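Residues 1052 to 1310, numbered by my numbering, are exactly what the sequence shown covers, in order.
Where a beta carbon is used, it is the ideal one built from N, C-alpha and C, also for glycine.
None of these values were measured; they are calculated from a predicted model.
What follows is a short report on a single structure.
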Amino acid sequence: MSKFEKLYHYIVVGILFIIFLMPLGVTFLYSISSSWGATLLPDGLSLKWYSDLFSDVRFYKALFNSLIVCVSALVLAITLTFIVVFCANYYFPWLKSVMNLVVIAPFAIPPIVSSVGLLQIYATTIGGTPYILIGSYFCMVLPFIYRSIDNAMSGVNLNELLMSNKMLGGSTIGAIIKLVVPNVKSGILVALFLSFSFLLGEFLFANILVGTRFETLQVYIYNMKEKSGHYTSAMVIAYFAIIFLATLIAGMLSSKKEE
């Protein structure tokens, strides 16, 4: 590749990078402006909106609710999926073809359709509680977690690994904990953080199934949008920072896995 071609690629990537970051940059500038009316630039800069946001107990409660639901769904999904993937790779190879069909289901059914169906079925039992949201999130992240763990475990020779463990007098459970889990740990962590960033931004299920009865971060942002444009911008930037941090960690873990 010539120097001109490299320069051309750098310019194109730089322009695209600026275009993608421009909306976020303007949102951040608006969030730290005291007022911004008819002028091209803000009338003044202020951290008042961030101060109001981080002093709002309702914000922390919504963030805590989101973390509880997301972490619970992810722990449940990773635990059950790991067991299924291990059984499919070691005991029942035919189960992989069944799981390949099962994990397609969340993509085949539109969220608005499944949320209405869930409301009709569980309205009198767990409707409006975090439990119905945890179950919905479990189904949403199942395809991502299954593929990630299955790909990681496919690179491990389970038969030789467990056979060697048995020859040395070890138990199957001990081999899973000490040998299998460390080999697929990077895949699990990547799936965990990517799914977390995805779930934290989920709005439709949270709004329809629980709403303000168990207010999550996205529902909070939606409900507070009428307060002030500056305040809303501060919420969006704070939310983006959380998502960016989770995605950055996932990227670092993915790079470490490739090394």
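Would you decide whether Q1269 is buried or exposed? Buried here means 16 or more other CB atoms lie within 10 Å of its CB.
Indexing the sequence shown from 1 puts residue 1269 at position 218. So Q1269 ends up on the buried side.
To the nearest angstrom, report how far apart F1265 and I1293 are at their CA atoms.
Taking the first residue of the sequence shown as 1, we reach residue 1265 at position 214. Taking the first residue of the sequence shown as 1, we reach residue 1293 at position 242. Looking at the two C-alpha atoms, the distance is approximately 20 Å.
Report the three-state DSSP secondary structure of G1095 (helix, strand or coil).
For the purposes of this step, residue 1095 is taken as residue 44 along the sequence shown, with counting starting at 1. Note: G1095 maps to strand in three-state DSSP.
Closest to S1085 by C-alpha separation, out of S1248, K1099, L1075, would be which residue?
To locate residue 1085, count along the sequence shown from 1; it is residue 34. Closest by alpha carbon: K1099.
Take every Cβ of the stretch 1130-1145, pair it with every Cβ of the stretch 1203-1217, and state whether three or more of those distances are shorter than 8 Å.
yes
Terminal residues of the alpha helix (DSSP H) in which S1148 lies
Position 97 of the sequence shown holds residue 1148. It spans 1146-1153 - the alpha helix (DSSP H) in which S1148 sits, taken as one unbroken run.
Bridge partners of S1237, per DSSP?
Reading the sequence shown from its first residue, position 186 is the one you call residue 1237. BP columns for S1237 are empty, so no partner.
Which stretch, first to last residue, makes up the alpha helix (DSSP H) that contains S1199?
Indexing the sequence shown from 1 puts residue 1199 at position 148. S1199 -> alpha helix (DSSP H) spans 1181-1205.
Buried/exposed call for T1176, threshold 16 Cβ in 10 Å:
By one-based count along the sequence shown, residue 1176 stands at place 125. Exposed, since its Cβ has fewer than 16 Cβ neighbours within 10 Å.
Can you tell me whether S1279 is helix, strand or coil according to DSSP?
The count along the sequence shown starts at 1 and reaches residue 1279 at position 228. In the structure shown, S1279 sits in coil (DSSP, three-state: anything other than H, G, I, E or B).
Assuming K1173 and A1285 make a contact with CB atoms under 8 Å, what is their CB distance in whole Å?
Mapped onto the sequence shown, residue 1173 falls at position 122. Mapped onto the sequence shown, residue 1285 falls at position 234. Note that residue 1173 corresponds to Tyr in the displayed sequence, not to Lys. Not a contact, Cβ separation roughly 35 Å.
For the beta strand (DSSP E) that contains S1086, what are its first and last residues?
Residue 1086 sits at position 35 when you count from the first residue of the sequence shown. S1086 -> beta strand (DSSP E) spans 1084-1086.
Could you check whether L1245 and A1301 sit closer than 7 Å to each other, using their CB atoms as the reference points?
Counted from its first residue, the sequence shown places residue 1301 at position 250. Counted from its first residue, the sequence shown places residue 1245 at position 194. Yes, the pair counts as a contact, with Cβ atoms nearer than the cut-off.
Can you tell me where the alpha helix (DSSP H) with L1213 in it begins and where it stops?
Locating residue 1213 in the sequence shown gives position 162, counting from the first residue. From DSSP, the alpha helix (DSSP H) with L1213 extends over 1209-1218.
Would you grab the beta carbon distance between G1186 and V1261 for me? Rounded to a whole angstrom, and I think it's under 8 Å.
For the purposes of this step, residue 1186 is taken as the residue at position 135 of the sequence shown. For the purposes of this step, residue 1261 is taken as the residue at position 210 of the sequence shown. Not confirmed; about 12 Å, so no contact.
Cβ contact check for the stretch 1112-1130 and the stretch 1183-1199: 3 or more pairs under 8 Å:
yes
Please return the same chain residues whose Cβ sits closer than 7 Å to the Cβ of H1281, not counting the five positions on each side in sequence.
Numbered from its first residue, the sequence shown carries residue 1281 at position 230. Hits under 7 Å: Y1081, S1082, S1084, W1100.
On the three-pair Cβ rule with 8 Å, is the stretch 1105-1112 touching the stretch 1228-1237?
no
Could you compute how far the alpha carbon of I1129 sits from the alpha carbon of H1060?
One-based indexing of the sequence shown puts residue 1129 at position 78. One-based indexing of the sequence shown puts residue 1060 at position 9. Between I1129 and H1060, the C-alpha separation is close to 40 Å.
May I ask which residues mark the beginning and end of the alpha helix (DSSP H) holding G1225?
Stepping through the sequence shown from its first residue, residue 1225 is reached at position 174. 1223-1226 is the extent of the alpha helix (DSSP H) around G1225.
Which listed residue (Y1182, Y1197, L1170, I1066) has its alpha carbon closest to that of S1148:
What you label residue 1148 is simply residue 97 of the sequence shown in a count that begins at 1. If we check each option's Cα against that of S1148, Y1197 comes out closest.
Using the Cα positions of K1057 and V1063, report the straight-line distance between them to the nearest angstrom.
In the sequence shown, residue 1057 corresponds to position 6, counting from 1. In the sequence shown, residue 1063 corresponds to position 12, counting from 1. Roughly 10 Å between the two C-alpha positions.
For A1226, is the classification buried or exposed, using 16 other Cβ atoms within 10 angstroms of its Cβ as the cut-off for buried?
Translated into the one-based positions of the sequence shown, residue 1226 becomes position 175. Buried, because 16 or more other Cβ atoms sit within 10 Å of the Cβ of A1226.
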